[in-house]
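Number of protein chains: 2
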Amino acid sequence: MLNYLKTIKPMKRAIMFDAIFNPKSVAIIGASRTPGKVGYEILARILRSGFQGFVHPVNPNASEIQGLRCYPTILDIPEAVDLAVVAVPASIVPQVIEECGKKGVKASIVLSAGFREIGPDGLMTEALIVRLSRKYGMRLLGPNCLGIIDTFTPINASFAPQMPRRGNVAFISQSGALATSLLSWAFQEGIGFSTIVTLGNRADLDETDFLDYLSKDPHTKAIAIYMEGVKRGQEFRSVASKVSRRKPILVLKAGVSESGAKAVSSHTGSLAGSEAVYEAVFRSSCILRAKSVEDLFDMIKAFSTQPIPEGRGTFILTNAGGPAILAADALENFRIGLPSLPSEVVDKLRANLPAAAGYHNPIDLLGDAMAYRYAFALKTLLSEDNLKNGIVILTPQAMTQPLETAKVLVEARKDFPGKVLLASFLGGVEVQDAIRLLASEGIPNFAYPERASYALAMLISYMEFRRREPSHPIPSPSVDYDFVKQYLSMVRREERVNLVGFEALQIVKAYGIPTVPCGLARTSEEAVRLAEALGYPVALKVSSPHILHKTDVGGVRLGLESKESVSEAFESIMRSVRGLMPQATIYGIEVHKMAVSGKEVIVGINRDPQFGPVIMFGLGGIYANLLRDVSFRLAPLMAEEALEMIYETKAGMLLRGMRGEKPSDLEALLEILYRVSQLAMDFREIVEMDLNPIFVYAEGKGCVVVDAKMTIET
Amino acid sequence: MLNYLKTIKPMKRAIMFDAIFNPKSVAIIGASRTPGKVGYEILARILRSGFQGFVHPVNPNASEIQGLRCYPTILDIPEAVDLAVVAVPASIVPQVIEECGKKGVKASIVLSAGFREIGPDGLMTEALIVRLSRKYGMRLLGPNCLGIIDTFTPINASFAPQMPRRGNVAFISQSGALATSLLSWAFQEGIGFSTIVTLGNRADLDETDFLDYLSKDPHTKAIAIYMEGVKRGQEFRSVASKVSRRKPILVLKAGVSESGAKAVSSHTGSLAGSEAVYEAVFRSSCILRAKSVEDLFDMIKAFSTQPIPEGRGTFILTNAGGPAILAADALENFRIGLPSLPSEVVDKLRANLPAAAGYHNPIDLLGDAMAYRYAFALKTLLSEDNLKNGIVILTPQAMTQPLETAKVLVEARKDFPGKVLLASFLGGVEVQDAIRLLASEGIPNFAYPERASYALAMLISYMEFRRREPSHPIPSPSVDYDFVKQYLSMVRREERVNLVGFEALQIVKAYGIPTVPCGLARTSEEAVRLAEALGYPVALKVSSPHILHKTDVGGVRLGLESKESVSEAFESIMRSVRGLMPQATIYGIEVHKMAVSGKEVIVGINRDPQFGPVIMFGLGGIYANLLRDVSFRLAPLMAEEALEMIYETKAGMLLRGMRGEKPSDLEALLEILYRVSQLAMDFREIVEMDLNPIFVYAEGKGCVVVDAKMTIET
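From first to last, the protein sequence lines stand for chains A and B.
Take 1151 as the starting number for the first sequence in my numbering and just add one per residue.
Take 1151 as the starting number for the second sequence in my numbering and just add one per residue.
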């Protein structure tokens, strides 16, 4: 599908989004008089939502619906129409869209189902309505979506029965039903939204479009997304990376598992990208990833109400040991420890709290703590400069005052607006009123202590991301672009896709990456000459685009120390290979100088169909496949990403030096990663490359690529 | 502390537990007239709970409390008293306990705080009340606990304001406050309990006592435990292993993290055992471990209402794609895939469902599904023999009938009592009534789809455990017990704790474990003689109890191929070591025959202060520390546990043969594990042993221990 977005001007785009979220007039095409029908419900919701613009029902079989004048077609409406909401059967949608175009409508929301999701016929109709929209310069949301909500306009052009509370979180959802459920929970918990968008089949407008729009929406402070896959990988990544520096992006992505992925493709026909790549995209775009609906919801609660933390310093205040320990355990899982309190703070607390109270963090006010004890402790702790975040736990016991204690938190919230304050009041009916009060005053309550810890950990993650400097790819100077270009052209002319080790090594070498000295010999004399020139010991490896497992056919000999052994090895490899694979094209035999062995790592390139080139780093050698100790990032690698990749793996630990070993030459390895990234960006035709093993030596001693393979696009 | 339990007869124990949970008469010592005071509240709760036995308040300053005659001391009560509930200040508790003893009370529940948890003074008082209890053959729960509840007696002698619903789950909690919160949630969700026990300081009775009792309680079907640590490790394990075959044991253990562990020890003074060991205990006792309060609660919901599954076959039925995909993802995380439906089932479904519905598992009834669609699909799916478990998801959309659909599930529950049926009706007020109906009919609802998947996964885990045959340790024949006994005695006589490699190898060899041939040489002539006898190549290693890092002092030479090199190496090692460590005792130099290298693994023994000897298995060599690719089990290893240990690690994958490699000799490795387990059991004085590396060869070729070290108790 063409990337239409680029062909329209920015101003026009602003107008278009305005037409969707804040239209002056809306036509409901397929409006109905029958309650329960989509065309009735959607009209009713728009009218109930407090929408101030004009609303025009369109239906050829009615003259009036829900008190409004009804028109046979949109063309019969006397005034201009910004937005068309379409709820007619799929077969009629193309005609309706054509009419909308003629009418000069700016955008349409197609609720009707029966498109891509039902098979090839539906896909054809879907393509048709996109073409028609484009013909008239109109944008389209859906089809097969559940509409949109803007609480500030206000307008509810969706199936959600209830207008959500006004709030500062926008939610973009690929599943309409999930959006409805989330709204329902949120309503109960007092969480509000600025905007809701359900994407449906994403025939035209998609998550990236709305992400971009919402980043500029003044009412939106955080953006939550449920997705089964991204439509335009590269654009999504580039937009998300920018947006996430200003507003947190919270994503729940389904289809992680194999059977989940199956369900995705049979359900909405979207292509679930590979999990490792999505993980890399989210990391490099600094998207906070929810692992479950509950995670997403808890993040929404936290990000919509709390300031971005000013530091990691956290305290837990409680009237019961057990839940506080569980909360501390959960924080520790995110590597957030609880600092000990400075002695003057402990002294201050002791002066007004029982002797038996717990003065280590968590601070335990004991089971008989009434609200005044919380008030004193909370004020003392929040006044401490290094404590930036607090989790307050309350379990209902004999003397507990849940509502009074909630009031204490509300006061604290007002007195310390810059600090994060989360509550975990446990239990049912005894704490209900307290929780309601907390929610209304912007203090989220988490039913389980570990959930409060999770939410805080996500706030802290986002803080740490924002503190990092924006980063750029590292340019790699002195690369021989032309050599690689010519070489790959030659390979393509030969109609090959696989490069042999010798060739792949030459290519990376041209990009300034150290490789073992090697050459190709066509005769045993040439092999001996090469060996003498390179210096012993050498390895001989058969060079053939048709032989993938060289050892299996006797195609490799290592550790050759003399002219005689090289000459003998040449003949013996040739004999063995010709005997076993008489059809294989053999370029000759590669002579490699044997490198002193070092720590073995692997660096690779893989091309993802959605997101483009992906760089891999990991433990090399025989353990590479076994341990899957690898990390991924998208190319181009940003300055700090290469180091992150190394540190994320256990190989990284090995390279930093264990048990008193000297650290390895990370500088040199980083240089390889940057140059590989540049190679991947410069030559998109490289679909796969493995540099394995790379020997990494001690600090200052460099690295060397010992073997390589590469596949290019035809 | 003495293990008092063993000294009283089983009959007596039954009577004692009866005195706690079903007493004929109870005295409340410290009963009070003042609402809000512990002595008032506890009395009121017992009276409100419907308890049918006699209740006697004891308080020297009142003659009547809450309408009951009050006695100055327990000794003044004219009739026999089974149970004393003690709520007087800590300082008076010893006197009260003495009086209880004189009165012939069978058990006491001490609610009073001010014992172990406040420091050394409290600990002394606590020891005193235990001694006094024992003097009179009386058992004690607490102190510092929140009491007990039995819903069948019924009696609520606890701080829980509300009597829980009657149900089939027992809950043992080290945190009283957590129990109270859990009860409160459970009440809201319609979950009932048979028994609640809060343990407090566990001065006498502990989790193991109650686990044992509850395993025989006819009203209890599943046992949930919150613990911060186990008191009697060995007994807990042995009791839990038996109980878990009949009733699921669900454990939430706090203090996993470092700061959590700190909070535990400062909070109740209990010792948090090491995490890996607890994990091993739980695995080997087949305890289902909750990672959070929410996990525990969700397991309680599932185990209290559902049958144990009859198989893994699971379907998901839904009216929305998104949540179903998320549920499928979550199942996949537990390696539970969704089977495709047989074609005849698909045909049957198609006949009555819309064409656009999803017929792959998850089965998607589409957004407009009314209750009858669910009814038809659910019946069809549950009738299919291979589908043993169903998760039914409902999101409220325009046409959805939550309550009617709930009724469909209730019918299905009755028609298919042997199948697991879990619901995930998403949303707030729209699904409230439906959820209430489901709960009342034994169908738990999970607010988030992933939680239903979690609960099902835990049910399936328990099924799989129960299906396994009960297992026994494998006896290792032909071990030379006497040799090891004498050798270790000799080491002890020399007042040593570390055994050198040569000695440790001799010991494991005496247990029938293959080791590299080696011997100790005191002169270079002896070394040469040994080398000639063993065969070249050999390694020389200095043998000294004072040298831990032999290579650092030039104490190791590998790959020696001739008399001359052995002789030269001997002298050079001696020179180097004597020069660098003149004070070290040197036994001589060990001559090891070099073994052909194989896959490197490590097997070890570690002694846990709570649970006794622990066996470790993992990847050996330089990667051992880096990758922490290890698994633990307690000794003695059961037949299948050794194999499980291997399979849990990545080393296991390596040994099974990767990328077409031949599998390694697992049989021989298992034999080593069994024999090491036997060694650990026979010689409790071994506190640490490492066999590292062990070379494992191809199938049929065996293993060999290349190096070893051992530490024993003084």
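Quick reminder that beta carbons are idealized off the backbone N, C-alpha and C, glycines included.
Starting from residue i, trace the alpha helix (DSSP H) both ways and give me its first and last residue.
i, result
"B:ARG1266", "Per DSSP, B:ARG1266 belongs to no alpha helix (DSSP H) and is neither H nor E."
"B:MET1288", "Neither: B:MET1288 is in no alpha helix (DSSP H) and is coded neither H nor E."
"A:LYS1252", "1243–1253"
"B:LEU1639", "According to the sequence displayed, residue 1639 of chain B carries Ser and not Leu. Its alpha helix (DSSP H) spans residues 1631–1643."
"B:LYS1889", "Coverage of chain B is limited to positions 1151 through 1864, which leaves residue 1889 of chain B absent and any answer about it impossible."
"A:ILE1796", "1789–1798"
Does DSSP classify residue i as helix, strand or coil?
i, result
"B:SER1674", "helix"
"A:ARG1315", "strand"
"B:ARG1757", "strand"
"B:CYS1853", "strand"
"A:ILE1299", "strand"
"A:MET1731", "coil"
"A:LEU1537", "coil"
"B:LEU1655", "helix"
"A:ALA1169", "helix"
"B:ASP1514", "strand"
"A:LEU1698", "coil"
"B:ARG1219", "strand"
"B:THR1864", "coil"
"A:ALA1506", "coil"
Have a look at the options and flag the residue whose alpha-carbon is nearest the alpha-carbon of residue i.
i, options, result
"B:LEU1649", "B:ALA1858, B:SER1283, B:ALA1353", "B:ALA1858"
"A:ILE1543", "A:ALA1789, A:LEU1588, A:THR1330", "A:LEU1588"
"B:ILE1736", "B:VAL1393, B:ILE1373, B:ALA1477, B:LEU1670", "B:LEU1670"
"A:PRO1627", "A:GLY1662, A:ASN1172, A:LEU1609, A:GLY1709", "A:GLY1662"
"A:MET1788", "A:ALA1237, A:LEU1820, A:ALA1597, A:LEU1680", "A:LEU1820"
"B:ALA1480", "A:MET1313, A:MET1613, A:MET1520, A:ALA1404", "A:ALA1404"
"B:ILE1224", "B:PHE1484, B:GLN1202, B:LYS1253", "B:LYS1253"
"B:TYR1286", "B:PRO1311, B:GLU1249, B:ALA1310", "B:GLU1249"
"A:PHE1302", "A:PHE1343, A:GLU1276, A:LEU1332", "A:PHE1343"
"A:PHE1309", "A:ILE1259, A:GLY1269, A:LEU1532, A:ASP1271", "A:ILE1259"
"A:ASP1300", "A:PRO1210, A:ALA1320, A:ARG1281, A:VAL1238", "A:ALA1320"
"B:VAL1741", "B:PHE1720, B:THR1530, B:THR1864", "B:PHE1720"
"B:GLY1651", "B:GLY1738, B:ILE1585, B:ASP1226", "B:GLY1738"
"B:GLY1577", "B:ASN1511, B:PRO1473, B:GLU1229", "B:PRO1473"
For residue i and residue j, which I take to be in contact (beta-carbon distance under 8 Å), what is that distance rounded to the nearest angstrom?
i, j, result
"B:VAL1727", "B:VAL1703", "5 Å"
"B:ILE1755", "B:ALA1830", "5 Å"
"B:VAL1176", "B:VAL1205", "5 Å"
"A:ILE1322", "A:ILE1375", "5 Å"
"B:VAL1570", "B:PRO1459", "5 Å"
"B:PRO1753", "B:MET1766", "Just to set this straight, residue 1753 of chain B is Val in the shown sequence, not Pro. Going by Cβ atoms, the distance from B:VAL1753 to B:MET1766 rounds to 7 Å, so yes, they are a contact pair."
Could you tell me the boundaries of the beta strand (DSSP E) in which residue i lies?
i, result
"B:VAL1666", "Where B:VAL1666 is concerned, there is no enclosing beta strand (DSSP E), given that its DSSP letter is neither H nor E."
"A:PRO1763", "1762–1769"
"B:THR1468", "1464–1468"
Hey, would you say the C-beta of residue i is under 6 Å away from at least one heavy atom of the ligand PLP?
i, result
"B:SER1182", "For the ligand PLP, the structure offers nothing, since it holds no ligand at all."
What does residue i touch in chain D if you count any residue whose Cβ is under 7 Å from its own?
i, result
"B:TYR1598", "The structure shown contains no chain D; its protein chains are A and B."
Q. Any residues in the region 1318–1339 of chain B with a beta carbon nearer than 9 Å to a beta carbon of chain A? Which ones, in chain order?
A. SER1323, GLN1324, SER1325, GLY1326, ALA1327, LEU1328, ALA1329, THR1330, SER1331, LEU1332, LEU1333, SER1334, TRP1335, ALA1336, PHE1337, GLN1338, GLU1339
Q) In chain order, what residues of the region 1545–1558 of chain A put their CB closer than 8 Å to some CB of chain B? A) THR1545, PRO1546, GLN1547, ALA1548, MET1549
Q | Under 8 Å (Cβ pairs) to chain A, residues found in the region 1466–1481 of chain B | A | ASN1469, ALA1470, GLY1471, GLY1472, PRO1473, ALA1474, ILE1475, LEU1476, ALA1478, ASP1479, ALA1480, LEU1481
(Q) Taking beta-carbon pairs under 7 Å, can you tell me which members of the region 1222–1243 of chain B lie near chain A? (A) none
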